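Enquirer: I'd like to ask you about the structure that follows.
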Amino acid sequence: MDDYFFLMVTGMIIYYVQKQNKYVVVYEAGEEDITTSQQMFWLLKNNHLNPKYSAPIDWISTMTFHNSPITITISVLEKDVGKAQNLIMNYNTEQRKLERNIVNERNKTTM
38 MDDYFFLMVT GMIIYYVQKQ NKYVVVYEAG EEDITTSQQM FWLLKNNHLN PKYSAPIDWI
98 STMTFHNSPI TITISVLEKD VGKAQNLIMN YNTEQRKLER NIVNERNKTT M
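The numbering of the sequence shown is the working numbering, which starts it at 38 and goes up by one.
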């Protein structure tokens, strides 16, 4: 009887902890964008959002030398999704501004 009660309480604690720590994908990219995905990871990490970086390996394709695409995902806790999406959106906006400024400066020097 005590073993059953212990297992029941342990199961309830594990269920509660898993339910509490739900992760949501906020960034997804292919392997060609690995540099950008690493920059996004460190952006979220430096803002204390505790992201999870995942790049699953298809072992069958690896062992048989097939070239299947790999999808890289970055997940954060469900409570931090809004802040993470905001950071990613602002980062992308800043990158577009920087690229536009570089192009404008390049055009000025060629004229």
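For glycine and all other residues, C-beta sits at the position ideal for the given N, C-alpha and C. All values reported here derive from a predicted model rather than from experimental measurement.
Are VAL113 and ASN87 closer than 9 Å when you measure CB to CB?
Expert: yes
Enquirer: Compute the Euclidean distance between the alpha carbons of ASN83 and ALA121, then round it to the nearest angstrom.
Expert: 11 Å
Enquirer: With burial defined as no fewer than 16 other Cβ atoms inside 10 Å of the residue's Cβ, what is the status of ILE109: buried or exposed?
Expert: The residue is buried, with at least 16 neighbouring Cβ atoms inside 10 Å.
Enquirer: Could you have a look at LEU135 and say whether DSSP puts it in helix, strand or coil?
Expert: helix
Enquirer: Could you pull out every residue in the same chain whose Cβ sits closer than 6 Å to the Cβ of ARG133, ignoring the five residues on either side in sequence?
Expert: Hits under 6 Å: none found.
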